[in-house]
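Student: Before I ask anything, let me first share the structure, which is written out below as structure tokens.
2 protein chains.
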Amino acid sequence: MTAVTVTFTDADGKESQAQAKPGITVMNVARDIGVDILATCGERGRCRTCRVKTLKGDVPPATIMDGVQLGPDEVNEGFRLACQTEVIADCHYLLAPPKSESGHQLLSAERDPDAGGILLDSGVEKRLVKANEPVEEDEQTTDTEEILMALGEDAVIPLELAARLPGVLRAKSGNVTVTTFCGEVLDVEAGDTTEHCYGMAFDIGTTSVVGSLLDLATGEQLAQVGNVNPQAVFGGDLMSRIAFAQFNLPNLKKLRARIISAINGHIKEACEEAGVDAAQIYKLVIVGNTCMHHIFLGIDPTYVGLAPYAPVVREPLVLTPKEALLKAVPNARICMLPIVAGFVGADATAAVLATRLDESEGIRIMVDIGTNGEMVMAANGELVACSAPAGPALEGAQIRHGMRGAVGAVEKVEIDDDVSCGVIGDAPAMGICGSGLIDAIAKMLSAKVLDDSGRLNFKNKDDLPKTLADRLIEDDGRQFVLAWADQSGKGENVSLTQQDVRQLQLAKGAILAGVMMLMSVNDISDDDVDELLLAGAFGNFINKESAVHMRLLPEFPLEKITYVGNAAALGAQMALLSETERTRAADLAKRIRHVSLGMHPEFQGIFVDAMSFTAEQGAIVRAAVGNL
Amino acid sequence: MTAVTVTFTDADGKESQAQAKPGITVMNVARDIGVDILATCGERGRCRTCRVKTLKGDVPPATIMDGVQLGPDEVNEGFRLACQTEVIADCHYLLAPPKSESGHQLLSAERDPDAGGILLDSGVEKRLVKANEPVEEDEQTTDTEEILMALGEDAVIPLELAARLPGVLRAKSGNVTVTTFCGEVLDVEAGDTTEHCYGMAFDIGTTSVVGSLLDLATGEQLAQVGNVNPQAVFGGDLMSRIAFAQFNLPNLKKLRARIISAINGHIKEACEEAGVDAAQIYKLVIVGNTCMHHIFLGIDPTYVGLAPYAPVVREPLVLTPKEALLKAVPNARICMLPIVAGFVGADATAAVLATRLDESEGIRIMVDIGTNGEMVMAANGELVACSAPAGPALEGAQIRHGMRGAVGAVEKVEIDDDVSCGVIGDAPAMGICGSGLIDAIAKMLSAKVLDDSGRLNFKNKDDLPKTLADRLIEDDGRQFVLAWADQSGKGENVSLTQQDVRQLQLAKGAILAGVMMLMSVNDISDDDVDELLLAGAFGNFINKESAVHMRLLPEFPLEKITYVGNAAALGAQMALLSETERTRAADLAKRIRHVSLGMHPEFQGIFVDAMSFTAEQGAIVRAAVGNL
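In order, the protein sequence lines correspond to chains A and B.
First residue of the first sequence: 13, per our numbering; consecutive thereafter.
First residue of the second sequence: 13, per our numbering; consecutive thereafter.
Here it is, written out as structure tokens:
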């Protein structure tokens, strides 16, 4: 990938500059050029000494430790932990910004959330108690009663634990560690194990699954795991996944088995990586869209795929490992964050939680671009959401040379007299990934290779520079060649076909229509919007300028558009570390009003408008369908 | 078996008499001799029209329907339902006793327990509701919410049900039957299934398992099942069962698997017999001694077998089918009645519940004679219990010719100048069962074949009638022949050896010592005791006179000794039909004070006393051990 420029200004105003590959932490970029940043905790995100403030450039998405250490206010002001933050684009940081001097504060579980930071109240408690063996004096007692007496609380020891209590009670002379989640006893271990208290957060996406293993006492991230969603072999997008399971219980079971086995595998992998005993994972928070949520729980998603697209359940759930079939975490409780509606899932709830959209003043819109696009708008405290079925084209699926963002993928396109492609890994071009597609369309529009209606400009080929005109060819359909066969790793042209452009038009039209609908039903104009947040893995890789230019997003000033990273995963981690946050998620899901696109009379007009590449062209077709 | 004489007195004072085989219902005995008893409900125990009152003879143990229809007061006064009651011995009944005229009352679920009868409040409710499919108007709803709205209650639909809710909701145009237990949703079925509401009660004994399938709405018994406890292959008595599993998890799993598979099998069997769908069994109540209880739940019983013999758990439990591994009843809750102490189990709690021992005035002692004898005394409202490890000798195990109470077993012994044996099925004698053993010892003592210390009277053989003296032989040890080889089905003598007598002495000594201990610690003399209740399968087959004569029981007047049937099983059925009763069981278990025999300084003296066959002999040996 192309190197980026990182500039540092120290407390004395002195500037230094470094070239760095995207993905390296700010801490390491600084160290490489001899700029020292203090890291008291050893780069583990457990203190605030390495904090920097973003002066210019895109503020990198906040990690869970940014949230824990710095709190929402500082995170919003652009403060980040240098040891946790990866550089993504050209940027300029202020080292040791003033607030760190006064506001320095060591992390503790009692931390006041009002003073910044996420309250570390995971709900999981481990307590070492000294229990007696039952004796028979006047009245007989039981093993269970002796433990509860030592605990001094009115709790219930579940059957599974009772079954092995006699051994545990007697193994270390009555020293036992009792673990509870919200007062419910999860495990009783021999000896003192209070130091080991872990949890995991998972975001189950249609395309990929990501998980983090966190220390619940400190908030520290111990491992990160993830892979493609193994259900993909049964259908790439949501609707094909639903169709596969619709009225077909055995297929539902197949889908469920795949995701459950993946999650169990990810848990083991994370535990091995971090040297953690999975029996000491006590809480899981899982988010995902409604379909992934239902399939994961074995709930028939048939009617999620049929109008009115109602979920079967949407309230927050807390499940046992047996209910969730998660053998890998025998002592955990599995918390499913709540769903809003059929196509506004628990991932949207988590993203709202992480971005604190509900707490914003003014008008902010969060967009998660994916196979199914989800948009949530906060307008003066009101939360409104809708979803748009974009399909997988924006991610490169159903595109002739589309591919994942891996080595060999065109991720950046420049067009002046000719085309030059940025390829991941500086390798020969093998295909084009999502960010490349958006860039390509935007640049093709600018170069007039593509006209405003989305037609490849064969008609006015002669007005183009010859090098560009030569790239408009017919070969199994009309197409524009981005990289010629001899520069291509596959030995064939990498091009965008007319058909590809139409697919992308449909996809981006759906996303834009969703945003426009939210604005329309709330009577909000472009100028009213204070910020547009790009959430989700996809959103963080696209070029904002290109996205606006090809009208995937409304024509907002670029500085109003912010990358917020995988906000759903971050929200899941917040709910993992904090019951306060998990409770907020439940409240949020209830507060978010859902607007159904299909049901809305204005929708058809807005959709044809949104498919166009320019607002002018959009207005014309919208008028043509009689809907202004 | 020997026929018994049944006498009826009708409302006009007219008497009729019948000879009947034990085990036939009073209703059928009457019918056979042309005496009409009205049975409005068709002999199903669902009305009170057939009630009779016991005038003379042993009152037969009450069935669950006696309790439901007549209530504890009438049951205690000797009223019984003729259609439910089996004759067990000579008896005299009053037909259509006066109370039936005034007190006639049809069974209904709202029945007031104060007016007699068990309140039919099983806690299971089935309600037909009409639910809408989710619609999308302004706000989207879910399948779950539509059901709960129709139910009009604040309930939770568990994950497993939610998973198949979409189909159920749409199968019968939204007509669904929601089943709850104590407010918890157990099942949601398409259409109206409110008529089908069943439960089962199980008594898991060391030797045998019995179960009843009941209609929870009417209390009617639909099937009865049972068999030997299949764990027996791993040890006949409690301690050998515990020893097998002690510090040995695989063996515990083997024992657990056997009982669980048996219970699952019994459930299926009962359902087939009654034509009931096991998915419509919603409540199970299970009782058993502490060891059976723990093994059934997979709880390590190691320390139940070691001093101070503490149970691991004793409180009442309500489990899911998954927790209890009872696949046969996927929609039920499994209620374990509470335990008192290591050797005073949930069966004892249930027996106290069934006999309403706690409500008695005066002093009543309930004795359950078994491999482990349990005794509970109610003395002016106080409940005290103890247990006595009798071993299996009284049931014929570890006795040379011991056998179960099956065809060919000597069950009755008469001795005058010679011996005559009553044999089950009037077959040649093959062995001797428990009731026969007690009878044999008692009669051998009277005939002086056995002296008071328990020695076979070889010394004074010459003083005996020749026919008896001839039966005292030496053949692989000293023995007394009850049935000669030529009358024996096996072609060998059926006899009691000196070793057998010693075994029986130890066993009966343990039982009697238990009763004497309870009386001793509460300073109660024989005369103070108002009633001794014989509970358990074994107790109902023994001859009271012989039991007193051989000093298995204290020397109470015979009319103070009452058979109460399998009170543990009856208590389980009561708790099944009534949450009021299940709550009472929980209270009872807490109220029963446990006295540990072994810990008590007086025990050794009492035990050697109790082993003797006469009080005089007992007093002598007790004095000899220096403990009077």
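Built from N, CA and C at the ideal position, the CB exists for glycine as well.
Does any heavy atom of the ligand SAM sit closer than 7 Å to the C-beta of F214 (chain A)?
Tutor: Of ligands this structure carries none, so the ligand SAM is not represented either.
Student: Is the Cβ-Cβ distance between G300 (chain A) and G357 (chain A) less than 8 Å?
Tutor: Their beta carbons are under 8 Å apart, which means G300 (chain A) touches G357 (chain A) by this criterion.
Student: Whose C-alpha, out of B:K478, B:I130 and B:N505, is nearest the C-alpha of E486 (chain B)?
Tutor: With distances taken between Cα atoms, E486 (chain B) lies closest to B:N505.
Student: Using only the alpha-carbon positions, how far apart do T37 (chain A) and R60 (chain A) sit?
Tutor: Roughly 15 Å between the two C-alpha positions.
Student: Against chain A, does Q243 (chain B) count as a neighbour if the rule is that its beta carbon must be under 8 Å from one of theirs?
Tutor: No, its Cβ sits nowhere closer than 8 Å to a Cβ of chain A.
Student: Do you know whose CA, among B:K68, B:G223 and B:I100, lies nearest L106 (chain B)'s CA?
Tutor: Ranking B:K68, B:G223 and B:I100 by Cα distance to L106 (chain B) puts B:K68 first.
Student: According to a CB-to-CB cut-off of less than 8 Å, which residues of the segment 601–631 of chain B neighbour chain A?
Tutor: For the segment 601–631 of chain B, which is checked against every Cβ of chain A, the residues closer than 8 Å are R605, H606, S608 and M611.
Student: Mapping the DSSP letters down to three states, classify I647 (chain A) as helix, strand or coil.
Tutor: For residue 647 (chain A) there is no data in the structure shown, the boundaries of chain A being 13 and 640.
Student: If the cut is a Cβ gap below 7 Å, which residues of chain B does K142 (chain A) touch?
Tutor: What K142 (chain A) touches in chain B: nothing, since even the nearest Cβ is about 18 Å away.
Student: Can you check which of these residues, A:V341, A:M251, A:K280 and A:T509, is closest to T302 (chain A) by C-alpha distance?
Tutor: Of A:V341, A:M251, A:K280 and A:T509, the residue nearest in Cα terms is A:M251.
Student: On a Cα-Cα basis, can you pick out the residue from B:S28, B:T19 and B:E137 that is closest to D102 (chain B)?
Tutor: Out of B:S28, B:T19 and B:E137, B:T19 has the C-alpha closest to the C-alpha of D102 (chain B).
Student: What does a CB cutoff of less than 6 Å around H208 (chain B) pick up in its chain, not counting 5 residues either side in sequence?
Tutor: If we look at H208 (chain B) and ignore the five residues flanking it on each side, its Cβ neighbours are Q292.
Student: Measuring alpha carbon to alpha carbon, tell me which residue in B:N276, B:G195, B:S185 and B:G35 is nearest V222 (chain B).
Tutor: Among B:N276, B:G195, B:S185 and B:G35, the Cα nearest to that of V222 (chain B) is on B:N276.
Student: Pull up the distance between the alpha-carbon of D85 (chain A) and that of A244 (chain A), whole angstroms please.
Tutor: In a straight line, the C-alpha of D85 (chain A) is about 39 Å away from that of A244 (chain A).
Student: A353 (chain A) versus chain B: which residues are under 7 Å apart at the beta carbon?
Tutor: By Cβ distance, chain B contributes Q152.
Student: With a CB to CB cut of under 7 Å and the five nearest residues on each side skipped, what residues in its chain are close to T154 (chain B)?
Tutor: Hits under 7 Å: P146.
Student: Mind listing which residues of the segment 311–334 of chain B have their C-beta closer than 8 Å to chain A's C-betas, in chain order?
Tutor: Cβ contacts with chain A come from I311, D312, T314, Y315, A319, P320, Y321, A322, P323, V324, V325, R326, E327, L329, L331 and K334.
Student: Between the alpha carbons of L171 (chain A) and L588 (chain A), how many angstroms are there, rounded?
Tutor: Approximately 26 Å, taken between the alpha carbons.
Student: Check distances from the C-beta atoms of the segment 169–203 of chain A to those of chain B and list, in chain order, the residues that come in under 7 Å.
Tutor: From the segment 169–203 of chain A, only L171, A174, A175, R176, L177, P178 and G179 have a Cβ closer than 7 Å to chain B.
Student: Might you give, ordered along the chain, the residues of its own chain that have their beta carbon closer than 8 Å to the beta carbon of S112 (chain B), omitting 5 neighbours on each side?
Tutor: Low confidence applies to S112 (chain B): its pLDDT is 34, below 50, so where it sits in the model is not reliable, and the reading given next is rough at best. If we look at S112 (chain B) and ignore the five residues flanking it on each side, its Cβ neighbours are R60, T61 and R63.
Student: Compute the Euclidean distance between the alpha carbons of L566 (chain B) and L267 (chain B), then round it to the nearest angstrom.
Tutor: Rather than Leu, the amino acid found at residue 566 (chain B) in this sequence is Pro. Straight-line Cα distance between these residues: approximately 37 Å.
Student: Let me confirm a value: G553 (chain A) is counted as buried when at least 16 other C-beta atoms fall within 10 Å, else exposed. Which label applies?
Tutor: Looking at the sequence shown, residue 553 (chain A) is not Gly but Phe. F553 (chain A) should be labelled buried.
Student: So for Q152 (chain B), helix, strand or coil by DSSP?
Tutor: DSSP places Q152 (chain B) in strand when its eight states are reduced to three.
Student: Name, in chain order, the residues that DSSP records as bridge partners for Y105 (chain A).
Tutor: Y105 (chain A) is bridged to A:F20 and A:T66.
Student: Just to confirm, is the Cβ distance from M348 (chain A) to T218 (chain A) under 8 Å?
Tutor: No.
Student: What residues in its chain sit with their C-beta under 6 Å from that of V240 (chain B), if we drop five residues either side in the sequence?
Tutor: Result list for V240 (chain B): S220, in chain order.
Student: So A309 (chain B) contacts chain A; which residues on that side make the cut at Cβ distance below 9 Å?
Tutor: It is worth fixing the name first, because residue 309 (chain B) is Leu in this sequence and not Ala. Correct list: L171, A174 and A175.
Student: Comparing alpha-carbon positions, which option in B:V136, B:K138 and B:V188 lies nearest E158 (chain B)?
Tutor: The candidate whose alpha carbon is nearest that of E158 (chain B) is B:V188.
Student: Give, in chain order, every unbroken run of the beta strand (DSSP E) that is at least 3 residues long and sits entirely within the segment 371–450 of chain A.
Tutor: You should have 375–380, 384–391, 394–401, 421–427 and 431–435.
Student: Have a look at P328 (chain B) and L50 (chain B) and give me their C-alpha separation to the nearest angstrom.
Tutor: Distance between the alpha carbons of P328 (chain B) and L50 (chain B) is about 41 Å.
Student: In angstroms with no decimal places, state the Cα-to-Cα distance between L462 (chain B) and A439 (chain B).
Tutor: For L462 (chain B) and A439 (chain B), the distance between alpha carbons rounds to 27 Å.
Student: Have a look at B:A495, B:G583 and B:I618 and flag the residue whose alpha-carbon is nearest the alpha-carbon of V435 (chain B).
Tutor: Checked all of B:A495, B:G583 and B:I618; the closest Cα to V435 (chain B) is B:A495.
Student: Can you tell me which of B:V533, B:L309 and B:P350 puts its alpha carbon nearest to the alpha carbon of P333 (chain B)?
Tutor: The shortest C-alpha separation from P333 (chain B) is found at B:L309.
Student: Using the Cα positions of D535 (chain A) and L564 (chain A), report the straight-line distance between them to the nearest angstrom.
Tutor: For D535 (chain A) and L564 (chain A), the distance between alpha carbons rounds to 20 Å.
Student: Run through DSSP, which three-state label would N9 (chain B) get?
Tutor: In the structure displayed, chain B extends from 13 to 640; residue 9 (chain B) sits before or after that span and is not available.
Student: Quick one: any contact between the segment 389–401 of chain B and the segment 366–377 of chain B, if contact means 3 or more CB pairs under 8 Å?
Tutor: Segments in contact, yes.
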